[in-house]
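A.B. asks: Starting off with a structure, shown below.
Residue numbers (the working numbering): 4 to 71.
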C-alpha cells in the first residue's frame, strides 16, 4: 500500500493527454469521438482510484480484524 505520489502523477498525465486529444478532435469537428475519449479516460482513472481504495479498505480490515 505504499503509493507515494506516483498515482497522482499518473492521473495527472492521463488528464493532460486526454485534454490534448479532446482539443484536437474537437477542432477537427469530431466532437462525438472526443467525448468518448474523455469518457473512456474517466473510466480508466476511476478504475485506478477504485483499486487504491480497495487496497485501503483491505488494510483497514486487516488492522481492525487482525487478519493478514
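In this text, a Cβ means the ideal position worked out from N, Cα and C, and glycines have one as well. Keep in mind that this is a model prediction, so the values were computed, not measured.
#1: Is DSSP giving residue 51 helix, strand or coil here?
#2: Might you give, ordered along the chain, the residues of its own chain that have their beta carbon closer than 6 Å to the beta carbon of residue 52, omitting 5 neighbours on each side?
#3: Looking only at its chain, what residues have a beta carbon closer than 8 Å to the beta carbon of residue 36, apart from the 5 residues adjacent to it on each side?
#4: Quick check: what's the CA-CA separation for residue 68 versus residue 45?
#5: Three-state secondary structure (DSSP) at residue 31?
C.D. replies: Let me spell this out:
#1: helix
#2: none
#3: 28
#4: 34 Å
#5: coil
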